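Protein chains: 2
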Amino acid sequence: MNQQFGRVALIGIGLIGSSLAHVIRREKIASHIAGYAKSAETRKAAVQLGLVDSIHDTAAVAVKDADLVIMCVPVGACGEIAKGISAALKPDAILTDVGSVKAAVVRDVLPHVPQGVHFIPGHPIAGTEQSGPASGFADLFVKRWCILTPLPTSDLAAVTRLEKFWHACGSEVELMTPEHHDLVLAITSHLPHLIAYNTVATAADLEEVTDSEVIKYSAGGFRDFTRIAASDPTMWRDVFLNNREAVLEMLGRFSEDLSALQRAIRWGDGETLFNLFTRAREVRRNIIAAGQETAAPDFGRDPKHR
Amino acid sequence: MNQQFGRVALIGIGLIGSSLAHVIRREKIASHIAGYAKSAETRKAAVQLGLVDSIHDTAAVAVKDADLVIMCVPVGACGEIAKGISAALKPDAILTDVGSVKAAVVRDVLPHVPQGVHFIPGHPIAGTEQSGPASGFADLFVKRWCILTPLPTSDLAAVTRLEKFWHACGSEVELMTPEHHDLVLAITSHLPHLIAYNTVATAADLEEVTDSEVIKYSAGGFRDFTRIAASDPTMWRDVFLNNREAVLEMLGRFSEDLSALQRAIRWGDGETLFNLFTRAREVRRNIIAAGQETAAPDFGRDPKHR
Numbered sequence: 003m004n005q006q007f008g009r010v011a012l013i014g015i016g017l018i019g020s021s022l023a024h025v026i027r028r029e030k031i032a033s034h035i036a037g038y039a040k041s042a043e044t045r046k047a048a049v050q051l052g053l054v055d056s057i058h059d060t061a062a063v064a065v066k067d068a069d070l071v072i073m074c075v076p077v078g079a080c081g082e083i084a085k086g087i088s089a090a091l092k093p094d095a096i097l098t099d100v101g102s103v104k105a106a107v108v109r110d111v112l113p114h115v116p117q118g119v120h121f122i123p124g125h126p127i128a129g130t131e132q133s134g135p136a137s138g139f140a141d142l143f144v145k146r147w148c149i150l151t152p153l154p155t156s157d158l159a160a161v162t163r164l165e166k167f168w169h170a171c172g173s174e175v176e177l178m179t180p181e182h183h184d185l186v187l188a189i190t191s192h193l194p195h196l197i198a199y200n201t202v203a204t205a206a207d208l209e210e211v212t213d214s215e216v217i218k219y220s221a222g223g224f225r226d227f228t229r230i231a232a233s234d235p236t237m238w239r240d241v242f243l244n245n246r247e248a249v250l251e252m253l254g255r256f257s258e259d260l261s262a263l264q265r266a267i268r269w270g271d272g273e274t275l276f277n278l279f280t281r282a283r284e285v286r287r288n289i290i291a292a293g294q295e296t297a298a299p300d301f302g303r304d305p306k307h308r
Numbered sequence: 003m004n005q006q007f008g009r010v011a012l013i014g015i016g017l018i019g020s021s022l023a024h025v026i027r028r029e030k031i032a033s034h035i036a037g038y039a040k041s042a043e044t045r046k047a048a049v050q051l052g053l054v055d056s057i058h059d060t061a062a063v064a065v066k067d068a069d070l071v072i073m074c075v076p077v078g079a080c081g082e083i084a085k086g087i088s089a090a091l092k093p094d095a096i097l098t099d100v101g102s103v104k105a106a107v108v109r110d111v112l113p114h115v116p117q118g119v120h121f122i123p124g125h126p127i128a129g130t131e132q133s134g135p136a137s138g139f140a141d142l143f144v145k146r147w148c149i150l151t152p153l154p155t156s157d158l159a160a161v162t163r164l165e166k167f168w169h170a171c172g173s174e175v176e177l178m179t180p181e182h183h184d185l186v187l188a189i190t191s192h193l194p195h196l197i198a199y200n201t202v203a204t205a206a207d208l209e210e211v212t213d214s215e216v217i218k219y220s221a222g223g224f225r226d227f228t229r230i231a232a233s234d235p236t237m238w239r240d241v242f243l244n245n246r247e248a249v250l251e252m253l254g255r256f257s258e259d260l261s262a263l264q265r266a267i268r269w270g271d272g273e274t275l276f277n278l279f280t281r282a283r284e285v286r287r288n289i290i291a292a293g294q295e296t297a298a299p300d301f302g303r304d305p306k307h308r
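Protein chains in written order, with the numbering used here: chain A, 3 to 308; chain B, 3 to 308.
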């Protein structure tokens, strides 16, 4: 018997929301999945894909009687959603989210959380570059880490219930403060996305090299960057607007380090380059050893695309 | 009848050399594969893996009677190799290489090319992050572009023979000048590698975020960067030392663009961020449409690692 909740409400049915729907169904974690999506198109797709037991065009109706409410929307939309559902939340319900920034979500959501509702911010470190209700799949969270950032006032029993939920989705769970989360993710996720977006933009703007050359010869390394740069623009805009301080801090360090590397190239300092390049190899080995990456060459890409 | 050459000499048996050995054998492109490697360990592996018909500890002996000589060594080693084999090259032989920089290879190799030998620099845009004689496979070049940069004095018949060779390996061939090659690759390959190396180094040096946190939460985007940052350090040191001007030029533009993005974050300019992020998506779609990337989400990574 896996059922942990009666009604679960998924507020937003994109990559994460639809993946949660798949795994909740497969693992029989809830007896009813209620879905809310802003767009009529997404609501229609959610029904056609069999993701939800009921679909709603008002978030407040979707959360009615729900034991677990998961906001699966861009970080910048969480405050508005929380305000809208506040009065409809069931006492003792768990309210959580999946956003890539945590301090800003706490800032925006907490004022709307009624007494008796357990607000526990969360962030599953899982995803692909695709988005929308058709992009989800049940195994998205398997072996990935989910970070929960309970507040000092959070009810421990509720935190444990939410941990159990993520375990049932296949994830490992770690607890930390919202502020530390935002710093860690600034380097492991936000900075890489920003750098990838920037590299793609720089390449697209060159006048001496044509766009078609950039595309033809992208297998030399560039195409790896385009994957994360293909992620949902709204989601990522909100990440950068809401984790500004930590991202600017990491960006400052990145630029400092890049200047040193630039200097080594300008002055022909091969030893500095070689030593830095050698250290970088070790980091990948450790990620593979930690089970967070495939050991297959080229990400295990289809051999035709190696 | 696919045989295009009698004896082919592979000077260097790493990822590219061993992949060439596999495809030359499978497609029966040559009657004899002679191999040279600097290290005894690599020579032993090349024999054990059945990559070569003869193995040599002197490049000059390996190239004797060879109709096609392919230097598969780091860019910085090509001049020395060319000097060493110069007197042993057969008249009318084709001498080529696979280096990621072309103008510097011409500069270093051309002075050692004897009259009657056809020197045609080349660069297959194919690879994985792995290295060494055991990392090669016959399909590495399939559907990838190989750039040849013939010299104004190059014999057209010899260029056509080398084009045919790369076609037999599964590649498409494009001709351009060494200088244009170096500019194109600076943006599609050299800059992305430099940025990836730098991001990994910045992350490894943080004091507020532990190495183990960087590794645990790397699925957020960071781990993509570690793949190309795991490439052979010697090869990449040589690339940056030998394509300095073009890399510094691309780096300057990258930094300029990054400053603009940094400013947009600092001032909360969501529109600039959103518009840039939206453009980046299109580039990936074009790379997939051009057959240079898999359409599968997450590079088609093993689902356990998504």
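No residue lacks a Cβ here, since even glycine has one placed at the ideal position from N, Cα and C.
Remember, predicted model here, so these are calculated numbers, not experimental data.
**OP:** State yes or no: is the beta carbon of residue 169 (chain A) nearer than 7 Å to at least one beta carbon in chain B?
**Re:** No, residue 169 (chain A) does not count as interfacial toward chain B.
Subject >> 7 Å CB neighbourhood of residue 243 (chain A) in its chain, flanking five on each side removed >> reply: 78.
Subject >> chain A residues whose Cβ lies nearer than 7 Å to that of residue 306 (chain B) >> reply: Going along chain A in sequence order, the residues near residue 306 (chain B) (Cβ under 7 Å) are 144, 145.
**OP:** Return the chain-ordered list of same chain residues with a C-beta closer than 6 Å to the C-beta of residue 143 (chain A), the five sequence neighbours on each side being excluded.
**Re:** Cβ neighbours of residue 143 (chain A) beyond the five flanking positions: 126, 128, 171, 172, 173.
Original post:
Between the stretch 40–54 of chain A and the stretch 117–126 of chain A, do three or more beta carbon pairs fall short of 8 Å?
Top reply: Verdict: no, contact absent.
Subject >> residue 122 (chain A) - containing alpha helix (DSSP H), residue span >> reply: It is not in any alpha helix (DSSP H) - residue 122 (chain A) carries neither H nor E in the DSSP assignment.
Original post:
Per DSSP, what kind of secondary structure is residue 77 (chain B) in: helix, strand or coil?
Top reply: Looking at residue 77 (chain B) - three-state DSSP - the assignment turns out to be helix.
**OP:** Pull up the CB-CB distance for residue 188 (chain B) and residue 252 (chain B), whole angstroms please, since I reckon it's below 8 Å.
**Re:** Contact flag correct, Cβ pair sits at about 5 Å.
Original post:
With distances taken from CA atoms, which of A:138, A:60, A:196 is nearest residue 305 (chain B)?
Top reply: Comparing Cα positions, the closest option is A:138.
**OP:** Please go through the same chain and pick out, in chain order, the residues whose beta-carbon is closer than 7 Å to the beta-carbon of residue 341 (chain B), but skip the five residues on each side of it.
**Re:** With chain B covering 3 to 308 only, the question about residue 341 (chain B) has no answer from this structure.
Subject >> Identified DSSP bridge partners for residue 1 (chain B) >> reply: Shown here, chain B extends from 3 to 308; a query on residue 1 (chain B) therefore has no answer.
Original post:
Exposed or buried, residue 223 (chain A), counting other C-beta atoms within 10 Å across all chains shown (16 or more means buried)?
Top reply: Counting Cβ neighbours within 10 Å, residue 223 (chain A) comes out buried, since at least 16 surround it.
Subject >> 9 Å Cβ cut-off: residues of chain A touching residue 302 (chain B) >> reply: Here the neighbours are 301, 302, 303, 304, 307.
**OP:** Using a cut-off of 7 Å between C-beta atoms, extract the partners of residue 100 (chain B) located in chain A.
**Re:** Residues of chain A passing the Cβ test: none, with the nearest at roughly 12 Å.
Original post:
Taking the runs of the alpha helix (DSSP H) that are 4 residues or longer, which of them lie wholly in the stretch 208–272 of chain A?
Top reply: Look at the stretch 208–272 of chain A and you find these whole runs of alpha helix (DSSP H), each 4 residues long or longer: 213–218, 224–230, 235–244, 246–268.
Subject >> Contacts around residue 238 (chain B), its chain only, beta-carbon distance under 8 Å, and the 5 residues preceding and following it disregarded >> reply: Cβ neighbours of residue 238 (chain B) beyond the five flanking positions: 195, 199.
Original post:
Where do the N-terminal and C-terminal ends of the alpha helix (DSSP H) with residue 98 (chain A) fall, by residue?
Top reply: Run containing residue 98 (chain A): none in the alpha helix (DSSP H); it sits in the beta strand (DSSP E), 96–99.
Original post:
Are any of the Cβ atoms in chain A nearer than 7 Å to that of residue 66 (chain B)?
Top reply: Not one chain A Cβ lies under 7 Å of residue 66 (chain B).
Original post:
If you pair each beta-carbon of the stretch 89–98 of chain A with each one of the stretch 28–46 of chain A, do three or more pairs fall below 8 Å?
Top reply: Not touching, per the Cβ criterion.
Original post:
Which residues does DSSP pair with residue 150 (chain A) in a beta bridge?
Top reply: When beta bridges are read from the DSSP output, residue 150 (chain A) appears opposite A:124, A:177.
**OP:** Give the straight-line distance between the Cα atoms of residue 10 (chain B) and residue 19 (chain B), rounded to the nearest whole angstrom.
**Re:** If you take the alpha carbons of residue 10 (chain B) and residue 19 (chain B), they lie about 11 Å apart.
**OP:** With a cut-off of 8 Å on the beta carbons, I'd call residue 62 (chain B) and residue 86 (chain B) a contact; round off their distance for me.
**Re:** Yes, residue 62 (chain B) and residue 86 (chain B) are in contact; Cβ-Cβ is about 6 Å, under 8 Å.
Original post:
Given residue 201 (chain B), which residues of its chain have a CB within under 6 Å of its CB, disregarding the five upstream and five downstream residues?
Top reply: Answer for residue 201 (chain B): 227, listed in chain order.
Subject >> Near-chain B residues of the stretch 8–30 of chain A - C-beta to any C-beta below 7 Å >> reply: Near chain B, meaning a CB-to-CB distance below 7 Å, no residue of the stretch 8–30 of chain A qualifies.
Original post:
Does the beta-carbon distance from residue 1 (chain B) to residue 42 (chain B) come in below 7 Å?
Top reply: Here chain B comprises residues numbered 3 to 308, so residue 1 (chain B) is not present and cannot be evaluated.
**OP:** Could you work out which residues of chain A lie near residue 34 (chain B), taking near to mean beta carbons separated by less than 9 Å?
**Re:** When 9 Å is used as the limit between beta carbons, residue 34 (chain B) is near no residue of chain A, the shortest such separation being about 27 Å.
**OP:** Determine whether the Cβ of residue 241 (chain A) lies closer than 7 Å to any Cβ atom of chain B.
**Re:** Chain B contact via Cβ: absent.
**OP:** Grab me the residues of residue 179 (chain B)'s own chain with a C-beta within less than 7 Å of its C-beta, minus the 5 sequence neighbours each way, in chain order.
**Re:** A distance below 7 Å between beta-carbons, with the five flanking residues on each side excluded, links residue 179 (chain B) to the following residues of its chain, in chain order: 151.
Original post:
Whose C-alpha, out of B:66, B:112, B:68, is nearest the C-alpha of residue 80 (chain B)?
Top reply: Checking every option, the nearest Cα to that of residue 80 (chain B) belongs to B:112.
Original post:
Does the beta carbon of residue 206 (chain B) come closer than 7 Å to any beta carbon on chain A?
Top reply: Yes, because at least one Cβ of chain A sits closer than 7 Å to the Cβ of residue 206 (chain B).
Original post:
Comparing the C-beta of residue 173 (chain A) with each C-beta of chain B, is any distance below 7 Å?
Top reply: Answer no: the Cβ-Cβ gap between residue 173 (chain A) and chain B never drops below 7 Å.
Original post:
Under the rule that 16 or more other beta-carbon atoms within 10 Å means buried, what is residue 245 (chain B), buried or exposed?
Top reply: It counts as buried.
Original post:
Listing by chain order, which chain B residues have their CB less than 8 Å from the CB of residue 250 (chain A)?
Top reply: Listed along chain B, the residues sitting closer than 8 Å to residue 250 (chain A) by beta-carbon distance are 264, 267, 268.
Original post:
In angstroms, rounded to a whole number, what distance separates the CA positions of residue 35 (chain A) and residue 13 (chain A)?
Top reply: One C-alpha to the other measures close to 11 Å.
**OP:** Check whether the Cβ atoms of residue 274 (chain A) and residue 235 (chain B) sit closer than 7 Å, and answer yes or no.
**Re:** Cβ distance not < 7 Å, so residue 274 (chain A) and residue 235 (chain B) don't count as in contact.
Original post:
Quick one: what does DSSP say residue 107 (chain A) is sitting in, helix, strand or coil?
Top reply: Helix at residue 107 (chain A).
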